Structures are given as structure tokens and as C-alpha cells.
Amino acid sequence: NLYDSATRDGLTRLYNKKYFIDTLRKEFAYCLRHRVALSLIMLDIDHFKRINDTYGHQAGDYVLGKLAARITEHVRTEDLLARYGGEEFAVLLRETHEDKAFILAERLRRMIEATDFTYSGQQIKVTFSGGIATLYDADYSDFEQFLEAADKHLYRAKQAGRNRIEAKMLG
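Residue 106 in this note's numbering sits at position 106 of the sequence shown, and the numbers go up by one each step.
So this is what it looks like as C-alpha cells:
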């Protein structure tokens, strides 16, 4: 239907970036006002371009779809999982402090690393890096700053060798 095509990613059926940003804006304001913890995990598939170049774009699409399905199985129904763009995903966790967000992100990372991604008889090694930001009290003045913090930690995870999770508590 029309609503789904406006809010969902065509390939993964996850929420799209626009829907995610709209929801993040509202959740951020709510959690800031009510002093409720809010965590954001940004995930990026490691060496995704290499997967596309080596196995083809259909294999890349298969990886995106399967990764999205596997992560969906492991997040709570009230959590918001979205395809943020390309090979990047976002998980928004209401009432979740950084330690619990880290435990979830690490569980997802290990689960994806152990998942069998076989496409046309070829096994594809898939890992991701993740960055976490947590809002509690007034750590961030606006949702853009919150998003930038998660992105900064994701970048740190990539710089530190990939296939890992970074967060403020680790820095």
C-alpha cells in the first residue's frame, strides 16, 4: 500500500531513513522531556563494496535482506529497526541504557558473524561494525547531535579494525 511504500525500504522491508529520522526526532524530544533513556545503534556492514564487487549486486542484495531479517528476529517489537542507507542500519532502543544497548549490539554482531550467508553456492563472510549513543538527562541538545555521536562511534569501530562495537563508555 501507499503508506508502506512511503515508509519502508523496498529491498529489506525495514523502515526507511525518512521514517527513521521522523521517529527519532519525536522519540528524542519525548525521552529528553521525560528523562527516559534512549539508545541508538548505528550498524554498517564491513567491506560491503567488496561483497558487491566479488559476488555481484544480487549477492549484495541477498546479504542486505538476510541481515535485515536476522536482526529483526533479535530486537524487541517496540524497538525501531531501519535501513539508514546503503549498507547502514539503525536500531533505536527506548528505555535502554548504554550497557544494555552494548550487550544487544554485541549479541547482534556475534550472531551475524556466525550466520551462514551462502549465495549461489558461494559462502560470503559478513560482519558489521557498530556505534552506540545514549541519551540520558541532557547529554545531547538535539537529535542531530545524538545521531552524530552514534556515527562517530561507528567510525571509531571501523578505524579500530571493523567487526566491533564502540560506545562512549569504551572511549
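Ideal Cβ positions, reconstructed from N, Cα and C, are used throughout, including at glycine.
From a predicted model like this one, the values you see are computed outputs, not experimental measurements.
I'd like to confirm the pairing. Which residues does DSSP put opposite residue i in its beta bridges?
| i | result |
| --- | --- |
| M42 | A90, G131 |
| Y15 | R8, A82 |
Start and end of the beta strand (DSSP E) containing residue i?
| i | result |
| --- | --- |
| Y84 | 80-85 |
| A167 | 165-167 |
| T118 | 117-119 |
Would you kindly check if the distance between the Cβ of residue j and the Cβ of residue i is under 8 Å?
| i | j | result |
| --- | --- | --- |
| T127 | R162 | yes |
| R109 | I165 | yes |
| A133 | A150 | yes |
| E87 | I21 | no |
| L80 | Y15 | yes |
| G85 | K18 | no |
| S129 | A167 | no |
Rounded to whole angstroms, how far is the Cβ of residue i from the Cβ of residue j, which I believe are closer than 8 Å?
| i | j | result |
| --- | --- | --- |
| M169 | E98 | 5 Å |
| I51 | G60 | 5 Å |
State the start and end residues of the unbroken alpha helix (DSSP H) segment that holds residue i.
| i | result |
| --- | --- |
| G56 | Taken as a continuous stretch (DSSP letters only), G56 belongs to no alpha helix (DSSP H), as it is neither H nor E. |
| K152 | 143-159 |
| F139 | The question names Phe, yet the displayed sequence has Asp at residue 139. Taken as a continuous stretch (DSSP letters only), D139 belongs to no alpha helix (DSSP H), as it is neither H nor E. |
Validate contact between the region 27-43 and the region 77-96 using beta carbons, cut 8 Å, 3 pairs = yes
key: Three-pair Cβ contact test at 8 Å for the region 132-149 versus the region 58-74   = no
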